[in-house]
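Comments concern the structure below.
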Amino acid sequence: MQIASAHEVSKQYDQIQRERHDTRNMLLSIQGYIRDHKDKEAAELLSTFLQNDIAEKAL
1 MQIASAHEVS
11 KQYDQIQRER
21 HDTRNMLLSI
31 QGYIRDHKDK
41 EAAELLSTFL
51 QNDIAEKAL
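Counted the way UniProt numbering counts, the sequence shown spans residues 1 to 59.
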């Protein structure tokens with residue numbers, strides 16, 4: 001039982017790490033667009049990110 005719980009915690013940790021990595025990369029991309037004065041691209045990327053995040057949380 002404890003081994004199964006430890007395995008589940010490990011899986012959850014890995015998932016959180018992947019999500020943090022993806023979120024950081026997305027924010028860096030948005031930051032680059034803003035720095036380069038590409039507001040439309042930044043807004044589109046942010047909108048896509050938020051829509052995907054909302055859809056994933058609905059599952």
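Glycine included, every Cβ here is placed at the ideal spot set by N, Cα and C.
Through-space distance from residue j to residue i, alpha-carbon basis
i	j	result
isoleucine 3	arginine 20	26 Å
alanine 43	glutamine 51	12 Å
aspartate 53	glutamine 12	17 Å
arginine 35	serine 29	10 Å
Residue span of the alpha helix (DSSP H) that contains residue i, given as start and end
i	result
aspartate 22	2 to 35
lysine 38	Note, lysine 38: premise wrong, no alpha helix (DSSP H); not H, not E.
Minimum C-alpha distance to residue i - residue among the options
i	options	result
phenylalanine 49	His7, Leu27, Asp14	Leu27
residue 134	Lys57, Met1, Leu45	This structure leaves residue 134 out entirely; the chain is present only between 1 and 59.
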